[in-house]
DNA sequence: TTGTGGTGT
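Numbering (this note's numbering), first residue to last: 414 to 1145.
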């Protein structure tokens, strides 16, 4: 067992500049604490907006705690709404990357505004719309606004779109950056030329933390910028004098050092994942047992998104200030993933310990492969973590890396739009009437290869057609594509639903696709793994994991005829996560509504699971794999060696041919969410696709005679290719 | 024979 030791030099008294906002001229910390900075600057904000009344885009920059999200929309409605916008008065949309934020901010603003939530001030998030036609300020998730744009891409319902937390660069915020840019130009032209009563110009307000402002100004042709100081307290930064190998161990030593030497205040530790966190919590509790009685006032709580709401609440709720051991107060140590970076705010934190790492998902369009790996975070993320120590009082951030290391890290994380499968977004954008998706004004343009891969994939799925007109790629959605765009799921699953019409099993496919859109219904607690596996056995199938999901759903639905209590008991006995199933139910209802609206036949196949598998094969044919003699598999299109994931119900039976939902590299290159299919089915639906892929591979190989290409030709694993410093993408 | 960073329609 480790012994608590000293990892950091003695306490330094000088507070260093803590966040980038300390450098902005407007920043000072002598503000009256009862007022939010924006309230103090209200007249300046109003003046700024009035001065730039003719600008279609303005930028407001501010860090945590300025109150910009709650106050600025109110300033717009209170002070200048009447004369600020030309044309008829409609709504202000304020987008948020997270639903909880949209809901909670709207609730607070409705109170301040003195109206009932859902009237002048409201919100709109998936499954929950609290707004009406008279709503003036509508908080919404960015994804929700993208959805709305699909039917009205010029966003005529709004006078102004406020994009909040732009610096986070969420996928949908990036889509909106491009879309609103296009819409504002079009609306301006429309307004100038035509009926001024029918359509007002569209104003855009970007709200961001202090970063990347110059690039943003360039993108928006020198948009005016207003800086507002945030309200945070100074945070002292302490770096490691030398690099550490074992950051978990170092984090533990730091925790106990702080506990021994520093003032009261909770500690927030940033690690990378559930397993690592549970392990550290366990070891900390062990060490705490041997602390002297006067130091026993310490407790450890894990925090990650996979926890139940109750467990998350336990981590977030304020430490009971009640005396412990007669006099000392309890110190709480929250050991968390990056969920505590932005999504969850924890009161009472005075110390942050930052491992400097996080798990990131990387997607490769050429192979459809995902990798989830631990990587160094960006400087912006490090500042975000640091800021968590200064919300209520001055704090300290212990960085488990050297200053020299930190200075070498990238300034910003890679935006999501550059590291995800673009097919869903692309179909949405095309359905808005954007015919030349390669010319869409992305703030950060995805690699053309990735965009083209998404276009190709959508074409193979029958969602669109593409052609080249005077050098530009022009695409158009097909009738099926228009239907597919209606479903809020990956287009390949939308295609499965559409194919289910022919096989008379749309009800079953709705269930399966809804279940795939939600987190797994299975709970596998480490302590009772055998019991859980035994309980799950009754849902098993030799036809694949999709049929297993269907079985779970049917059991759940039959249970639901009973009462809530019975439902809970059933879930607990069967190691089933009820929350995830209830979410799947909501998704299913939404998908079903799309079918009703679009007059898509709803039919059920009963026990005929062949029809179900056939439908799946026709949407997932691009993700097919065949068994090799040694029990491994090879993907039919890109000829990569892959392995069935051991958690799949087909792991043992190893059928000759499967389609899969995801291809992910962890210990090996695994395929998951497997469905047993006949090779004939795949050939029938994917013949042209496989021919085209084979031809493309041959062309690439002809052009490249590197050893990597030869290895790829033999169908070796991409491991072998990586030895050459290449990967499968470079040869396919 | 494995494993789930985090969002969202």
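Glycine residues also receive a C-beta, built at the ideal position from the N, C-alpha and C atoms.
Legend entry - Own chain residues within Cβ distance below 8 Å of residue 815, not counting five before or after: On the first chain, position 402 is the one that residue 815 refers to. Cβ within range, chain order: 652, 653, 654, 655 and 656.
Legend entry - Through-space distance from residue 1097 to residue 909, alpha-carbon basis: Here residue 909 refers to the residue found at position 496 when the first chain is read from its first residue. Here residue 1097 refers to the residue found at position 684 when the first chain is read from its first residue. Spanning the alpha carbons of residue 909 and residue 1097 requires a straight line of approximately 15 Å.
Legend entry - Runs of alpha helix (DSSP H) lying entirely within the segment 765–806, each at least 4 residues, in chain order: 792–800
Inset, instruction - Spell out the partners DSSP gives residue 1102 in its beta bridges. - result: One-based indexing of the first chain puts residue 1102 at position 689. For residue 1102, which the question treats as bridged, DSSP gives no partner whatsoever.
Inset, instruction - Can you tell me which of 977, 934, 942 and 976 puts its alpha carbon nearest to the alpha carbon of residue 964? - result: Locating residue 964 in the first chain gives position 551, where the first residue counts as 1. Considering only alpha carbons, the answer is 934.
Legend entry - Residues that DSSP places opposite residue 552 in a beta bridge: What you label residue 552 is simply residue 139 of the first chain in a count that begins at 1. As DSSP reads the structure, residue 552 sits in a beta bridge with 507 and 536.
Legend entry - Beta-carbon proximity check, residue 902 vs residue 930, cutoff 8 Å: Counting from 1 along the first chain, the entry for residue 902 is found at position 489. Counting from 1 along the first chain, the entry for residue 930 is found at position 517. Between residue 902 and residue 930, the C-beta gap is smaller than 8 Å, which places the two residues in contact.
Inset, instruction - Measure from the alpha carbon of residue 1024 to the alpha carbon of each residue in 915, 1049, 1012 and 1036, then state which is nearest. - result: Reading the first chain from its first residue, position 611 is the one you call residue 1024. Ranking 915, 1049, 1012 and 1036 by Cα distance to residue 1024 puts 915 first.
Legend entry - Spatial distance of residue 523 from residue 510 (CA atoms): Counting from one through the first chain, the residue named residue 523 turns up at place 110. Counting from one through the first chain, the residue named residue 510 turns up at place 97. Approximately 20 Å between the Cα atoms of the pair.
Inset, instruction - May I ask you to verify whether the segment 624–636 touches the segment 484–493, counting CB pairs closer than 8 Å and requiring at least 3? - result: No, the segment 624–636 does not touch the segment 484–493.
Inset, instruction - Please name the residue in 580, 683, 600 and 711 whose C-alpha comes closest to that of residue 771. - result: Stepping through the first chain from its first residue, residue 771 is reached at position 358. Cα-wise, what sits closest to residue 771 is 683.
Inset, instruction - For residue 687, I'd like the list of residues in its chain whose CB is within less than 7 Å of its CB, leaving aside the five on either flank, ordered along the chain. - result: Position 274 of the first chain, counted from the first residue, corresponds to residue 687. Excluding sequence neighbours, residue 687 sits near 717 and 719.
Inset, instruction - Identify the continuous beta strand (DSSP E) that holds residue 572 and give its terminal residues. - result: Here residue 572 refers to the residue found at position 159 when the first chain is read from its first residue. 571–576 is the span of the beta strand (DSSP E), which, as asked, contains residue 572.
Inset, instruction - Give the DSSP bridge partners of residue 1077, in chain order. - result: Here residue 1077 refers to the residue found at position 664 of the first chain. BP columns for residue 1077 point to 783 and 1083.
Legend entry - Coarse secondary structure for residue 673, derived from DSSP in three states: By 1-based counting over the first chain, the position of residue 673 is 260. In the structure shown, residue 673 sits in a helix (DSSP, three-state: H, G or I).
Legend entry - Spatial distance of residue 843 from residue 1049 (CA atoms): Residue 843 sits at position 430 when you count from the first residue of the first chain. Residue 1049 sits at position 636 when you count from the first residue of the first chain. Their backbone Cα atoms lie some 29 Å apart in a straight line.
Legend entry - residue 552 beta carbon near the ligand NAD (any heavy atom closer than 7 Å): Annotation note on the ligand NAD: not contained in the displayed structure, which lists no ligands.
Inset, instruction - With residue 623 as the anchor, note down where its alpha helix (DSSP H) starts and where it stops. - result: As a first step, residue 623 must be located in the first chain, where it is residue number 210. Neither: residue 623 is in no alpha helix (DSSP H) and is coded neither H nor E.
Inset, instruction - My understanding is that residue 562 touches residue 536, with C-beta atoms under 8 Å, so please give their C-beta distance in whole angstroms. - result: Taking the first residue of the first chain as 1, we reach residue 562 at position 149. Taking the first residue of the first chain as 1, we reach residue 536 at position 123. Not quite, the Cβ-Cβ distance comes to about 17 Å (not below 8 Å), so this is no contact.
Inset, instruction - Counting only runs of 3+ residues fully inside the segment 466–490, write out the beta strand (DSSP E) ranges in chain order. - result: 470–475
Inset, instruction - With a 10 Å radius around its C-beta and 16 neighbouring C-beta atoms as the bar for buried, classify residue 624 as buried or exposed. - result: As a first step, residue 624 must be located in the first chain, where it is residue number 211. By the 10 Å Cβ count, residue 624 comes out buried.
Inset, instruction - Identify the continuous beta strand (DSSP E) that holds residue 885 and give its terminal residues. - result: Counting from one through the first chain, the residue named residue 885 turns up at place 472. Per DSSP, residue 885 belongs to the beta strand (DSSP E) from 885–890.
Inset, instruction - Use the C-beta contact count for residue 710: other C-beta atoms within 10 angstroms, 16 or more gives buried, fewer gives exposed. - result: For this step, residue 710 is matched to residue 297 along the first chain. With 16 or more other Cβ atoms within 10 Å, it is buried.
Legend entry - Counted within 10 angstroms of its Cβ, other Cβ atoms place residue 726 as buried (16 or more) or exposed: Walking along the first chain from the start, residue 726 turns up at place 313. Answer is exposed; the Cβ neighbour count stays below 16.
Inset, instruction - Hey, could you find the ends of the alpha helix (DSSP H) residue 1149 is sitting in? - result: Because residue 1149 is not part of the residues shown, which for the chain are 414 to 1145, the question remains open.
Inset, instruction - Quick one: residues in its chain with C-beta nearer than 7 Å to the C-beta of residue 577, no 5 flanking neighbours on either side, listed in chain order? - result: In the first chain, residue 577 corresponds to position 164, counting from 1. The beta carbon of residue 577 is closer than 7 Å to those of 482, 507, 508, 509 and 620 in its chain, skipping five residues each way along the sequence.
Inset, instruction - Tell me whether the beta-carbon of residue 665 lies closer than 8 Å to the beta-carbon of residue 697. - result: Translated into the one-based positions of the first chain, residue 665 becomes position 252. Translated into the one-based positions of the first chain, residue 697 becomes position 284. In this structure, residue 697 lies closer than 8 Å to residue 665 by Cβ.
Inset, instruction - Compute the Euclidean distance between the alpha carbons of residue 703 and residue 764, then round it to the nearest angstrom. - result: Position 290 of the first chain holds residue 703. Position 351 of the first chain holds residue 764. Those two C-alpha atoms are separated by around 23 Å.
Legend entry - Through-space distance from residue 648 to residue 455, alpha-carbon basis: Numbered from 1 along the first chain, position 42 holds the residue referred to as residue 455. Numbered from 1 along the first chain, position 235 holds the residue referred to as residue 648. In a straight line, the C-alpha of residue 455 is about 27 Å away from that of residue 648.
Inset, instruction - Taking all protein chains shown into account, decide if residue 856 is buried (16 or more other Cβ within 10 angstroms of its Cβ) or exposed. - result: The sequence position of residue 856 within the first chain is 443, counting from 1. Classification for residue 856: buried.
Inset, instruction - Hey, could you find the ends of the alpha helix (DSSP H) residue 906 is sitting in? - result: Position 493 of the first chain, counted from the start, is the residue given in the question as residue 906. From DSSP, the alpha helix (DSSP H) with residue 906 extends over 904–912.
Inset, instruction - Per DSSP, which residues does residue 712 bridge with? Please list them. - result: Taking the first residue of the first chain as 1, we reach residue 712 at position 299. In DSSP, residue 712 forms a bridge with 745.
Inset, instruction - Could you tell me the distance, in whole angstroms, from the CA atom of residue 989 to the CA atom of residue 604? - result: Translated into positions along the first chain, residue 989 becomes position 576. Translated into positions along the first chain, residue 604 becomes position 191. So the two alpha carbons sit approximately 55 Å from each other.
Legend entry - residue 889 and residue 874 closer than 8 Å at C-beta: Here residue 889 is taken as the residue at index 476 of the first chain, counted from 1. Here residue 874 is taken as the residue at index 461 of the first chain, counted from 1. No, the Cβ-Cβ distance between residue 889 and residue 874 is not below 8 Å.
Inset, instruction - Find out if the Cβ-Cβ distance for the pair residue 897, residue 911 is shorter than 8 Å. - result: As a first step, residue 897 must be located in the first chain, where it is residue number 484. As a first step, residue 911 must be located in the first chain, where it is residue number 498. Yes. Within cutoff.
Legend entry - Distance between residue 659 and residue 679 (C-alpha atoms, nearest Å): In the first chain, residue 679 corresponds to position 266, counting from 1. In the first chain, residue 659 corresponds to position 246, counting from 1. Spanning the two alpha carbons is a distance of roughly 23 Å.
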